[in-house]
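Engineer:
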Amino acid sequence: MDDQLSAELLQSVVDVARAMFGAAASSVFVFDEKADELVFQAVSGQGESFLVGRRFPASSGIAGWVVASGEPMVVNDLSKNTAFDRDLAASTQYVPDALMAAPLTHGDRVLGVLEVLDPVPQSRSSLDELDLLALFARQAAAALRVVIDRAVDTTMPKRSQALHLVASLQELLEASAP
Amino acid sequence: MESALTERGPTLTWRLIGRGPDDLPVTADGEPVTAQWAWGGATGRGVRVCVVDSGVERDHPVVGQVQGSWVVVTGDDGPVVEPTETGDACGHGTACAGIIRRTAPECELYSVRVLSERGSGSGAMLLAGLRWAIQQGFDVINLSLSTTKLRFTEELRALADEAFFQRTVIVASAHNTPVESFPWRFASVISVGSHREADPELYLYNPSPPVEFFAPGQDVSVAWLGGGTIRSTGNSFATPYIAGLCARILSKHSRMTTFQLKNVLYLSAANVRVAPGGTP
Numbered sequence: 001m002d003d004q005l006s007a008e009l010l011q012s013v014v015d016v017a018r019a020m021f022g023a024a025a026s027s028v029f030v031f032d033e034k035a036d037e038l039v040f041q042a043v044s045g046q047g048e049s050f051l052v053g054r055r056f057p058a059s060s061g062i063a064g065w066v067v068a069s070g071e072p073m074v075v076n077d078l079s080k081n082t083a084f085d086r087d088l089a090a091s092t093q094y095v096p097d098a099l100m101a102a103p104l105t106h107g108d109r110v111l112g113v114l115e116v117l118d119p120v121p122q123s124r125s126s127l128d129e130l131d132l133l134a135l136f137a138r139q140a141a142a143a144l145r146v147v148i149d150r151a152v153d154t155t156m157p158k159r160s161q162a163l164h165l166v167a168s169l170q171e172l173l174e175a176s177a178p
Numbered sequence: 179m180e181s182a183l184t185e186r187g188p189t190l191t192w193r194l195i196g197r198g199p200d201d202l203p204v205t206a207d208g209e210p211v212t213a214q215w216a217w218g219g220a221t222g223r224g225v226r227v228c229v230v231d232s233g234v235e236r237d238h239p240v241v242g243q244v245q246g247s248w249v250v251v252t253g254d255d256g257p258v259v260e261p262t263e264t265g266d267a268c269g270h271g272t273a274c275a276g277i278i279r280r281t282a283p284e285c286e287l288y289s290v291r292v293l294s295e296r297g298s299g300s301g302a303m304l305l306a307g308l309r310w311a312i313q314q315g316f317d318v319i320n321l322s323l324s325t326t327k328l329r330f331t332e333e334l335r336a337l338a339d340e341a342f343f344q345r346t347v348i349v350a351s352a353h354n355t356p357v358e359s360f361p362w363r364f365a366s367v368i369s370v371g372s373h374r375e376a377d378p379e380l381y382l383y384n385p386s387p388p389v390e391f392f393a394p395g396q397d398v399s400v401a402w403l404g405g406g407t408i409r410s411t412g413n414s415f416a417t418p419y420i421a422g423l424c425a426r427i428l429s430k431h432s433r434m435t436t437f438q439l440k441n442v443l444y445l446s447a448a449n450v451r452v453a454p455g456g457t458p
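Here the protein sequences line up with chains G and Y, keeping their order.
Per my numbering, the first sequence starts with residue 1, numbered consecutively.
Per my numbering, the second sequence starts with residue 179, numbered consecutively.
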């Protein structure tokens, strides 16, 4: 992502998420539907220096579930589970014990995922924290939309922009139908 | 906090926050129903339970035998259901299956995977998988999933009604966030949210539906990929507990209709007291 303002916006999102939950790390992934991959778009904490831009399959793992279901998820005791996304965890050089993930949505579309790794214990496994995560994810999703829209403005030909607009209108109409 | 979370529109009760069983007293009419009468000694034997989800891992020690597995894939004319040897894409379906097995150890478990091999699941896949499961006449369908896509609502409603009348019980999770999604909102399904109580067998009736029952859904030990377990939180894991209870009830009372089953769950919920006699 070359757009400095967009990068700053998403970086602030993951920095705040990490601070809110006292977490070891927080990430925003963008869902690349065409490639069926999730892309690290911003990272705070563990992995910050090398993960941005890295891709992994969107059809597996907890983040994959969040994309598919459109629902947040909170999991603990991951380090005791030897199968937990072992390859991915190894590639990110960090195996968390706990993970919270929430979808970043626009209407009924999932644009990406907000993930929080190893939140402090009082933040774990609490429905209130799940709510807090989901609440913050709405703000993160708005930021992600801004970033995506800015990217569309600079890279997409006018016809594609028009089609994009029509698709958005269709979603809006369907969402507001009685 | 809760009002800030709730989006515009009618307030949704999707799980029990900041309240316990004592805060939800319900007085009901009817004949008292005890848990012992409803499912005491029952194991779910002979009851066919289908998990419509991300698939179920094969040979998982917590889940045990899965009698049949199918997957919804994209065909030339839309989604089609076919047998599969694939397991679980992400662990969620395995987690649900493990809770059902724990609750109803001798039920028959089946799996329909509604997440595509590639890309995210869609409302169309969910609809196709659910329709197929209803057509097979499973006794209980666990659906810890929902769709927010309004264009599927009426078709889902018709399917849920069809299931209701043919005695296929759909036990459906409320969404984890306060958004409109389906089919848990329909009266024809048994909808489940989560409570925060520690008792792993406690379930409650919600006097303020649309969510009708609350079951354990916080920090629940669940089966996960690779034969292991993790702990997780959410309505997804409260739902299979109620699905398992349904299997136990049906294994003991095989002629029960879906409305009778829901009534038994209602009258034997921990916060429901049946009042003596009726008003003349």
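Cβ atoms here follow ideal geometry from the backbone N, Cα and C, with glycine treated the same way.
Since the model is a prediction, treat every value here as computed from it, not as a measurement.
1. Please list, in chain order, the residues of the region 216 to 244 of chain Y that have any C-beta partner in chain G closer than 7 Å.
2. At the 8 Å Cβ level, is residue 297 of chain Y part of the contact set with chain G, yes or no?
3. Under 8 Å, do residue 508 of chain Y and residue 281 of chain Y count as touching if we go by C-beta distance?
4. Applying the 10 Å Cβ sphere with the 16-neighbour rule, what's the burial state of residue 45 of chain G?
5. Taking only three categories from DSSP, how would you classify residue 441 of chain Y?
6. Hey, is residue 183 of chain Y's beta-carbon within less than 8 Å of any beta-carbon in chain G?
7. How far does the beta strand (DSSP E) with residue 37 of chain G in it reach, from first residue to last?
8. Can you give me the Cβ contacts of residue 3 of chain G inside the same chain, cut-off strictly under 8 Å, excluding the 5 residues immediately before and after it?
9. When Cβ atoms are compared, which residues of the region 276 to 289 of chain Y fall closer than 8 Å to chain B?
10. Within 8 Å (strictly less), CB to CB, does residue 68 of chain G reach chain Y?
11. Residue 103 of chain G and residue 57 of chain G - do their beta-carbons sit closer together than 8 Å?
12. When the Cα atoms are used, what is the spatial distance from residue 101 of chain G to residue 199 of chain Y?
13. Beta-carbon separation of residue 117 of chain G and residue 17 of chain G under 8 Å?
14. What does the alpha-carbon distance come out to for the pair residue 392 of chain Y and residue 49 of chain G?
15. When you compare the CB positions of residue 68 of chain G and residue 52 of chain G, do they come within less than 8 Å of one another, or not?
16. Report the residue ranges of all beta strand (DSSP E) runs contained in full by the region 335 to 381 of chain Y; include only those spanning at least 3 residues, in chain order.
17. With 16 as the cutoff for other CB atoms within 10 Å, does residue 240 of chain Y come out buried or exposed?
18. Determine, for residue 128 of chain G, whether the minimum Cβ-Cβ distance to residues of chain Y falls below 8 Å.
19. How about residue 59 of chain G and residue 32 of chain G: do their beta carbons lie closer than 8 Å?
20. Does DSSP put residue 293 of chain Y in a helix, in a strand, or in coil?
Structural biologist: According to the structure data:
1. 232
2. As a first step, residue 297 of chain Y is located in the second sequence; it is residue number 119 there, counting from the start. For residue 297 of chain Y, the predicted structure reports a pLDDT of 45, less than 50, and the residue's modelled location is therefore unreliable. The matter cannot be settled from this model.
3. Nothing about residue 508 of chain Y can be read from this structure; chain Y reaches only from 179 to 458.
4. Taking the first sequence and counting its residues from 1, one reaches residue 45 of chain G at position 45. By the 10 Å Cβ count, residue 45 of chain G comes out buried.
5. Translated into the one-based positions of the second sequence, residue 441 of chain Y becomes position 263. In this structure, residue 441 of chain Y counts as helix in the three-state DSSP scheme.
6. The sequence position of residue 183 of chain Y within the second sequence is 5, counting from 1. Low per-residue confidence applies at residue 183 of chain Y: pLDDT is 41, beneath 50, and the placement is therefore not dependable enough to give any value.
7. As a first step, residue 37 of chain G is located in the first sequence; it is residue number 37 there, counting from the start. Run containing residue 37 of chain G: 37 to 45, per the beta strand (DSSP E) assignment.
8. Position 3 of the first sequence holds residue 3 of chain G. Closer than 8 Å at the Cβ level, and outside the excluded window around residue 3 of chain G, lie 147, 150, 151, 154.
9. In the displayed structure, chain B is absent; the protein chains listed are G and Y.
10. Mapped onto the first sequence, residue 68 of chain G falls at position 68. With 8 Å as the cut-off, residue 68 of chain G counts as an interface residue toward chain Y.
11. The residue labelled residue 57 of chain G in the question sits at position 57 within the first sequence. The residue labelled residue 103 of chain G in the question sits at position 103 within the first sequence. The answer is no: Cβ separation not under 8 Å.
12. For the purposes of this step, residue 101 of chain G is taken as residue 101 along the first sequence, with counting starting at 1. For the purposes of this step, residue 199 of chain Y is taken as residue 21 along the second sequence, with counting starting at 1. Answer to the nearest angstrom: the Cα atoms are 29 Å apart.
13. Locating residue 117 of chain G in the first sequence gives position 117, where the first residue counts as 1. Locating residue 17 of chain G in the first sequence gives position 17, where the first residue counts as 1. Not closer than 8 Å, so no.
14. Taking the first residue of the second sequence as 1, we reach residue 392 of chain Y at position 214. Taking the first residue of the first sequence as 1, we reach residue 49 of chain G at position 49. Rounded to whole angstroms, residue 392 of chain Y to residue 49 of chain G spans 43 Å at the Cα level.
15. Mapped onto the first sequence, residue 68 of chain G falls at position 68. Mapped onto the first sequence, residue 52 of chain G falls at position 52. No.
16. 347 to 351, 368 to 373
17. Counting from 1 along the second sequence, the entry for residue 240 of chain Y is found at position 62. The residue in question, residue 240 of chain Y, is buried, as its Cβ has 16 or more Cβ neighbours within 10 Å.
18. Here residue 128 of chain G refers to the residue found at position 128 of the first sequence. Closer than 8 Å: yes.
19. Working through the first sequence from its first residue, we reach residue 59 of chain G at position 59. Working through the first sequence from its first residue, we reach residue 32 of chain G at position 32. Result no, Cβ atoms of residue 59 of chain G and residue 32 of chain G do not sit closer than 8 Å.
20. The count along the second sequence starts at 1 and reaches residue 293 of chain Y at position 115. Note: residue 293 of chain Y maps to coil in three-state DSSP.
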